[in-house]
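Numbering (our numbering), first residue to last: 29 to 244.
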Amino acid sequence: AADGQAYYHNERTNQTAWTLPAGAACREPGLPGAAAQGAQQAAEDDPFAYLRQQEEDLRKQREEYAQWYAQYSAWYAQQQATGAAQGSEAGEGSGEKHGSGAQQSQGGPKDGAQGGPSGAAKDRVPVRGPAPPKLDAGFDDHATYAIKSSVLKEMEAMVSQGRPLAERKKALRCMQMRWHPDKNPDKPEVAKNVFQFMEETKPWFLHDHEAQDAGS
Numbered sequence: 029a030a031d032g033q034a035y036y037h038n039e040r041t042n043q044t045a046w047t048l049p050a051g052a053a054c055r056e057p058g059l060p061g062a063a064a065q066g067a068q069q070a071a072e073d074d075p076f077a078y079l080r081q082q083e084e085d086l087r088k089q090r091e092e093y094a095q096w097y098a099q100y101s102a103w104y105a106q107q108q109a110t111g112a113a114q115g116s117e118a119g120e121g122s123g124e125k126h127g128s129g130a131q132q133s134q135g136g137p138k139d140g141a142q143g144g145p146s147g148a149a150k151d152r153v154p155v156r157g158p159a160p161p162k163l164d165a166g167f168d169d170h171a172t173y174a175i176k177s178s179v180l181k182e183m184e185a186m187v188s189q190g191r192p193l194a195e196r197k198k199a200l201r202c203m204q205m206r207w208h209p210d211k212n213p214d215k216p217e218v219a220k221n222v223f224q225f226m227e228e229t230k231p232w233f234l235h236d237h238e239a240q241d242a243g244s
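In structure tokens, the structure reads:
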């Protein structure tokens, strides 16, 4: 009041009184008002509000992952187009080189004739593809499988085309930089699994067939 005397205001009924009614609770000025109390009461009245909020958060997460995967797909398509252009330029020269290499290998013993490949010959065995995720797997598992499969497909294409070792090393460095865990703080587990997969396939992908053929 103007004279400094305290009075009480009922925020629900908008009534004022000089004395606190019996059974009423007093709230200090500055504490959350009717709006905050109303929100709390609404949450208590709707027990499924938390579940709906959780579902909304999951929906936003799926949208973010979908956007990220679309960006990766565009990047991968660009890499494929660049690789195809480089392959067409070097196609004739590599074809002649591998033609002579095939004639040299026809006369020698086949790998595995005495119980399977051993030593450096193991590096020639095509690497096994990633295991597909379970049906109830999460988005990260499906994304990891898709990325591993696309990386392996690109590696197999370069090996089958007889790309030089230096070119394969350069391609591997680019993929390792792209999927290094430090470069992907928003998806560390996916990047870690993909990077580890590339490390496991590196001996096969970087095997120097020309040096082995020359040594034999």
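All residues carry an ideal CB built from backbone N, CA and C; glycine is no exception.
Any idea what DSSP makes of residue i, helix, strand or coil?
| i | result |
| --- | --- |
| Ala159 | coil |
| Asn212 | coil |
| Trp232 | helix |
| Thr110 | helix |
| Asp164 | coil |
| Phe76 | coil |
| Gly140 | Because Gly140 carries a pLDDT of 41, less than 50, the predicted location of this residue cannot be relied on, and the following value inherits that uncertainty. Of the three classes helix, strand and coil, the one that applies to Gly140 here is strand, per DSSP. |
What does the alpha-carbon distance come out to for the pair residue i and residue j?
| i | j | result |
| --- | --- | --- |
| Trp232 | Leu200 | 12 Å |
| Pro192 | Pro158 | 25 Å |
| Val222 | Lys88 | 24 Å |
| Lys197 | Gln99 | 24 Å |
| Asn212 | Ala77 | 33 Å |
| Leu163 | Val179 | 22 Å |
| Tyr173 | Leu79 | 30 Å |
| Val187 | Ala194 | 12 Å |
| Glu84 | Gln224 | 33 Å |
| Arg90 | Thr110 | 30 Å |
| Gln81 | Ala219 | 29 Å |
| Leu12 | Glu184 | Beyond the ends of the chain as shown, which are 29 and 244, falls residue 12; an answer cannot be given. |
| Gly190 | Lys181 | 14 Å |
| Gly166 | Glu92 | 14 Å |
| Trp207 | Trp96 | 13 Å |
| Leu86 | Ala94 | 12 Å |
| Ala102 | Asp236 | 31 Å |
| Pro161 | Ser177 | 12 Å |
| Pro209 | Gln106 | 22 Å |
| Arg156 | Ile175 | 15 Å |
In the DSSP assignment, find the unbroken alpha helix (DSSP H) run with residue i in it and report its ends.
| i | result |
| --- | --- |
| Phe167 | 167-188 |
| Arg206 | 193-206 |
Please state if the CB of residue j and the CB of residue i are separated by a distance shorter than 9 Å.
| i | j | result |
| --- | --- | --- |
| Ala171 | Lys215 | yes |
| Asp168 | Glu228 | no |
If I'm right that residue i touches residue j with Cβ under 8 Å, what's the distance once you round it to whole angstroms?
| i | j | result |
| --- | --- | --- |
| Met203 | Met226 | 6 Å |
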